[in-house]
Structures are given as C-alpha cells and as structure tokens.
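Notes follow once the structure below has been shown.
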Amino acid sequence: MSLKITFLGHSGFLISDGQYTVAIDPFLTDNPVAQHKAADIHCDYIALTHGHADHFGDTLSIAANNDATVIANFEICAYCESQGVRKTEPGNPGGRIYTPFGYIAFTPAIHSSSYEGMYMGVAAGLVLDIGGHKIYHAGDTALFSDMAMIGEVVKPEIAMLPCGDRFTMGPRLARMAAEMIKPKYAVPVHHSTWPLLTSDLSEFHPNDVTVKHMAPGDIWNYEG
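In structure tokens, the structure reads:
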C-alpha cells in the first residue's frame, strides 16, 4: 500500500495510507517555514514525540477541529485532556498502541521535554506502522548506541532524523545514526528553521542509505 507523506516543516509530518491520516509534531502557527496553517490539517490521529512548543505546536486546535486522537506520553495526554481534548491514547517507551491502521510505538530519545514551564514527561521517538510500512521518527535526540537495536528490531523503511545540531544531533552524528538504523531512506529534519539550527547538511550522507530531502510543503508518494 502506498503512503502519502507530507512534510509540514521543522519536524512535522502528515502521513496517510488513504484511509487514516496521522499528524506527527504539528508545529505550524509560529513556524517560520511552514506552508500550512493549523486549519488546513485534516487527520485522525496526532502523534507527539515530546512537549516542547516546536513539536506540540498546534495540537490542541488540530485535535479540536478534527476530533482527532492524541497519542503521546502520559503527561502530555493528561495535559491535553485538561485542555478539552476528548480522545487520547497515552503510552511510553517500550510499548505499542494499536490502532485501526497498525500501531504506534515509543522509543527512547535523549532530550528534555516541557511546555510553558510544565514537565511533560520523557522525550521519545516514534515508530509508525501504517499501510504495511514502518517509519521511525527519532524526535529530538542525541546519537545513542541503541539506535542500532531500533534498526534491528523495527527494521524501518524510513527514518526521520534531526540534523540541526545544538539541541539535537548535527549532520555528522545523524549520518552515523542512519548507518546504525539502516533504513532504506533517511529524511533530515529539525534543521534550517531558525539561524540557531544548521542549514548545512553536507555531512549527512550515510553509506547504503538514500537521503530524501524534503522542503516544507513537499509531498512524497511512497510506494516502498
């Protein structure tokens, strides 16, 4: 089954199998490179890697507009419920949340997580099983050796890896991550949004992995 993968900019994506659509880290309103507005987003699920504003983004308004289910860690889901979100599915690294399209699983990530001064649980990566394909979104993270295990256990076809440096891996370490995970494709994210994040991805050229560069608003019709 083919997937429609839309890059929302920064670390955000819309991923659809034709029946169900998942938004990942939908940061739009204050995103200087975004080509979409929150009102443009139509989805059934919102999956969040952590609570920072540049990832939590427009979750509340998108959830309200679509009656979408938020899938995130326990603390983020509790906050969303306190703000009126009707449907949540809390989880944490190590577990799967099964859905009509497949499942979402949380993986470790090395990063902080807060929103407007509130603790928002541990940061995580996400594994998305949809349309018979597996996608690994690393969230915001440093390089860590267990990425090799994620690659071995999950065998993702696509890995979405932060490359912006300073707050996450830079291009060189993200290249090493891709070589450890061994996906078919690696999509660099979390770069170029602001001057603090690098826009030079010349060192992101992992061996035996195809790099898929996506600009905000780009659509990738992925066939596998």
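Note that the working numbering has the sequence shown beginning at -4, numbered continuously upward.
The beta carbon of each residue, even a glycine, is placed where N, CA and C say it ideally should be.
Thr83 - containing beta strand (DSSP E), residue span: Lys82 to Gly86
Segment limits, beta strand (DSSP E) that includes Met155: Ile153 to Pro157
Exposed unless 16 or more other CB atoms sit within 10 angstroms - verdict on Asn26: buried
The beta strand (DSSP E) enclosing Pro183, as first and last residue numbers: Tyr180 to Val184
First and last residue of the uninterrupted beta strand (DSSP E) at Pro103: Gly97 to Pro103
Contacts around Asp135, its chain only, beta-carbon distance under 8 Å, and the 5 residues preceding and following it disregarded: Ser6, Thr44, His45, His47, His50, Ala104, His106, Ala118, Pro157, Phe162, Thr163 and His185
Separation of Pro190 from Tyr40, as counted between CA atoms: 31 Å
Extent of the continuous beta strand (DSSP E) to which Leu121 belongs: Ala119 to Ile125
For His45, three-class secondary structure by DSSP: coil
Start and end residues, alpha helix (DSSP H) containing Tyr93: Per DSSP, Tyr93 belongs to no alpha helix (DSSP H); it is in the beta strand (DSSP E), Arg91 to Thr94.
Bridge partners - Phe8, DSSP secondary structure assignment: Phe2 and Ile19
CA nearest to the CA of Pro95, picked from Thr16, Met144, Ala181 and Leu9: Thr16
Secondary structure of Val149, DSSP reduced to three states: helix
Identity of the residue in Ala73, Asn87 and His37 nearest Ala63 by Cα: His37
Own chain residues within Cβ distance below 6 Å of Leu192, not counting five before or after: Gly159 and His186
Beta-carbon gap between Gly120 and Glu70 smaller than 7 Å: no
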